[in-house]
């Protein structure tokens with residue numbers, strides 16, 4: 110499927126939101142006062158970028174897989190798109206946080222399995238916890254492709270996701286059901302439903318899309334101002350303890366925003382080029398921003414008399430810039446190689 114400009118905008122905004130969310134901890138956990146902490150839980154609002162990513166993934170993957178149902182192509186494309194950059198980011202992170210090195214944990218992290226420990230354990234690279242769910246979703250898509258049925262692929266994916274959640278809720282979210290049967294996968298399901306609507310050709314005019322986006326954004330802001338739960342925590346999502354509240358709030362609000370972007374009338378690709386570029390770089394920004402934040406954490410005191418909110422802004426800008434650099438020198442060349450590989454002519458069999 111071609112690039113959906115408005116969805117790329119959301120990817121860029123979601124990535125920046127996650128960076129800002131983590132940059133907040135630079136000042137809060139160092140005992141500094143940020144004005145952003147005075148307004149409910151507004152300081153945690155950036156974490157909703159993860160939920161936006163999950164819904165977008167459900168949308169994009171279900172639509173593209175329906176158009177090209179080759180299991181081999183799907184696995185190869187997803188592996189080459191996700192794994193090499195993740196592996197580089199993980200190994201680079203160990204240079205900053207060598208104390209997180211554990212051979213078994215590293216090996217399991219690199220194959221998208223949850224490292225040993227409780228159900229709330231994250232991979233070696235902390236943002237990699239979301240890729241555990243991403244990989245589980247890909248496995249569901251493969252199972253749906255293997256399922257020979259008259260049902261449309263998106264229907265098969267939806268049925269399998271719903272079944273896994275029911276199994277997880279019935280038998281408890283013990284490993285590995287805390288990943289494959291976690292209610293958070295409903296956010297992928299929401300994306301699949303948006304993808305089905307998109308595939309049927311339904312589109313909404315600009316004013317309706319803008320209104321839907323505005324309502325979703327308002328609900329997110331309202332929840333951030335008045336919410337009291339810890340749905341933003343990776344741990345409470347990994348172990349499933351607060352997955353339902355997260356899905357019912359941030360997941361639903363994210364689906365509204367993604368639907369407003371995916372189902373609106375087409376927007377010219379020249380519009381919003383900066384946001385489109387940030388969307389292209391969003392995966393690199395997401396993977397590499399934590400390197401900057403963790404490197405800065407013990408050095409915050411060196412920033413002297415700077416206002417804590419200015420520190421957050423500087424850290425966010427530096428982390429985004431690092432992600433963009435990784436996109437330009439690592440991700441783009443890799444994607445070019447992958448693209449060339451896809452275009453190789455198939456050898457003629459004798």
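Numbering (the numbering used here), first residue to last: 110 to 459.
Quick reminder that beta carbons are idealized off the backbone N, C-alpha and C, glycines included.
Keep in mind that this is a model prediction, so the values were computed, not measured.
Going straight from the alpha carbon of residue i to that of residue j, what length do you get?
i	j	result
residue 386	residue 117	8 Å
residue 287	residue 413	43 Å
residue 145	residue 151	7 Å
residue 438	residue 188	19 Å
residue 202	residue 235	9 Å
residue 264	residue 274	16 Å
residue 250	residue 442	27 Å
residue 190	residue 282	29 Å
residue 415	residue 423	10 Å
residue 457	residue 232	The pLDDT assigned to residue 457 is 41, lower than 50, so where the model puts this residue is not dependable; a value taken from the coordinates is nonetheless given after this. Distance between the alpha carbons of residue 457 and residue 232: 43 Å.
residue 322	residue 213	43 Å
residue 455	residue 178	For residue 455, the predicted model reports a pLDDT of 45, less than 50, meaning its position is unreliable; a value from the coordinates is still stated below. C-alpha separation (whole angstroms): 19 Å.
residue 200	residue 139	26 Å
residue 119	residue 304	16 Å
residue 257	residue 113	30 Å
residue 227	residue 130	25 Å
residue 433	residue 389	9 Å
residue 115	residue 425	23 Å
residue 327	residue 218	36 Å
residue 278	residue 331	29 Å
residue 196	residue 155	25 Å
residue 181	residue 447	14 Å
residue 225	residue 183	29 Å
residue 198	residue 343	19 Å
residue 449	residue 280	46 Å
residue 185	residue 142	47 Å
residue 431	residue 325	30 Å
residue 352	residue 345	7 Å
residue 126	residue 157	7 Å
Can you tell me whether residue i is buried or exposed, with buried defined as 16 or more other CB within 10 angstroms of its CB?
i	result
residue 310	exposed
residue 85	Coverage of the chain is limited to positions 110 through 459, which leaves residue 85 absent and any answer about it impossible.
residue 417	buried
residue 243	buried
residue 128	buried
residue 318	buried
residue 271	exposed
residue 289	buried
residue 459	With a pLDDT of 35 at residue 459, under the threshold of 50, the predicted position of this residue should be treated as unreliable, though the coordinate-derived value follows. So residue 459 counts as exposed.
residue 238	buried
residue 320	exposed
residue 392	buried
residue 411	exposed
residue 307	buried
residue 147	exposed
residue 159	buried
residue 262	buried
residue 255	exposed
residue 466	Examination of residue 466 is not possible in this model, given that the chain is present from 110 through 459 alone.
So residue i packs on residue j, CB below 8 Å; how close in whole Å?
i	j	result
residue 370	residue 397	25 Å between Cβ atoms; not a contact.
residue 316	residue 153	About 31 Å; that fails the 8 Å criterion.
residue 360	residue 299	6 Å
Within this structure, are the beta carbons of residue i and residue j separated by less than 8 Å?
i	j	result
residue 335	residue 216	no
residue 168	residue 246	no
residue 301	residue 267	yes
residue 429	residue 420	no
residue 124	residue 329	no
residue 314	residue 374	yes
residue 121	residue 384	yes
residue 372	residue 312	yes
residue 194	residue 221	no
Would the segment 168-183 count as touching the segment 192-211 if we require 3 or more Cβ pairs under 8 Å?
no
Three or more C-beta pairs closer than 8 Å, one from the segment 153-164 and one from the segment 361-368: is that the case here?
The segment 153-164 makes contact with the segment 361-368, as at least three CB pairs between them are under 8 Å.
Please determine if the segment 292-301 and the segment 344-361 are in contact, where contact requires at least 3 C-beta pairs separated by less than 8 Å.
yes
Taking 8 Å as the threshold, find out whether the segment 390-402 comes into contact with the segment 125-141 through three or more Cβ pairs.
yes
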